[in-house]
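Here my numbering runs 458 ahead of the position in the sequence shown, where the first position is 1.
Cβ coordinates follow ideal geometry from the N, Cα and C atoms, glycine included.
Worksheet for the structure shown next.
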Amino acid sequence: MPWFKRMLRSLGLGILLLSVGLVLSDTFKKVGDKVFLSPGSVSDRITSITWKHGPDIAVEWYGGDIVPYRDFRGRCEVSTSTGALTLSNLTVKDSGIYTAEIDNRHMSPTKITVISAVPKPTVSKLCNPEMTICTLTCEASITDDTKPVTYSWMIGDSQTAQPSSNQLRIAKNGTEWSGKPISCQLENPVSSEHSDDIIIPFTSS
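Below, the structure is given as structure tokens:
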């Protein structure tokens with residue numbers, strides 16, 4: 459019965475995803491980029507290919523035309539000799555687990571997360587009236603689709619040993635800051651941006 463076979467196939471995919479869900483590593487991609495997804499090793503001649511995005515069919519081929527669905531139309535290519543899927547012009551909605559079914563055989567799943575590039579940050583400063591202590595803040599418009607992000611601080615060309623934080627507290631007695639350019643760097647897994655330099659007029663006296 460066709461409906462029973464489809465149910466078993468869906469059940470098998472669900473069990474497969476559950477079994478790898480805790481150990482499947484993320485592949486991060488930037489919005490607008492392209493991703494190449496390989497189903498794994500295929501030794502025999504391929505007669506059918508189905509790629510799923512989560513539980514939903516993204517594209518399928520049964521020997522005739524390659525048929526993409528929904529938002530995958532016009533953005534994907536499938537190799538009928540290897541089963542590989544190439545997806546271009548990525549969007550945040552493309553994030554998720556992709557699984558190929560080659561000739562009714564479930565292949566290894568791949569997880570991708572599509573995020574936006576980080577914006578260029580700016581550095582603001584707030585100092586006490588005596589100009590002996592200043593707090594620097596690395597500011598940027600961070601949205602959910604740019605996360606995860608990390609912050610780092612540079613003194614000249616050297617990175618500080620400060621933990622990842624968007625704030626840096628510096629004091630006059632820390633002579634390593636005196637007259638040197640300070641900048642912050644904002645990173646996520648697909649991009650990196652530096653702020654312009656800022657110089658704090660501390661002296662060593």
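Under a three-way DSSP split, which group does Asp502 fall into?
coil
Should Met565 go down as buried or exposed, given a rule of 16 or more other Cβ atoms within 10 Å for buried?
buried
Within its chain, find whatever has a CB closer than 6 angstroms to the CB of Ser574; leave out the 5 residues flanking it on each side and keep chain order.
Val489, Asp603, Thr604
Under the assumption that Lys487 contacts Val572 (Cβ atoms under 8 angstroms), give the Cβ distance between them as a whole number of angstroms.
5 angstroms
Look up Gln617 in the DSSP assignment and give the residues it is bridged to.
Met612
Given a threshold of 16 other Cβ atoms within 10 Å of its Cβ, counted over all protein chains shown, does Ser616 qualify as buried or as exposed?
exposed
Count Cβ pairs between the region 534-548 and the region 495-505 that sit closer than 8 angstroms; are there 3 or more?
yes
Under the rule that 16 or more other beta-carbon atoms within 10 Å means buried, what is Ile657, buried or exposed?
exposed
Do the region 511-519 and the region 546-557 touch if we need at least three Cβ pairs shorter than 8 angstroms?
yes
Do the region 637-655 and the region 583-599 make contact, defined as three or more Cβ pairs closer than 8 angstroms?
yes
How close, in whole Å, do the beta carbons of Val493 and Ile570 come, if the pair is a contact with beta carbons under 8 angstroms?
6 angstroms
Considering just the uninterrupted stretch of the beta strand (DSSP E) at Glu535, what are its terminal residues?
534-536
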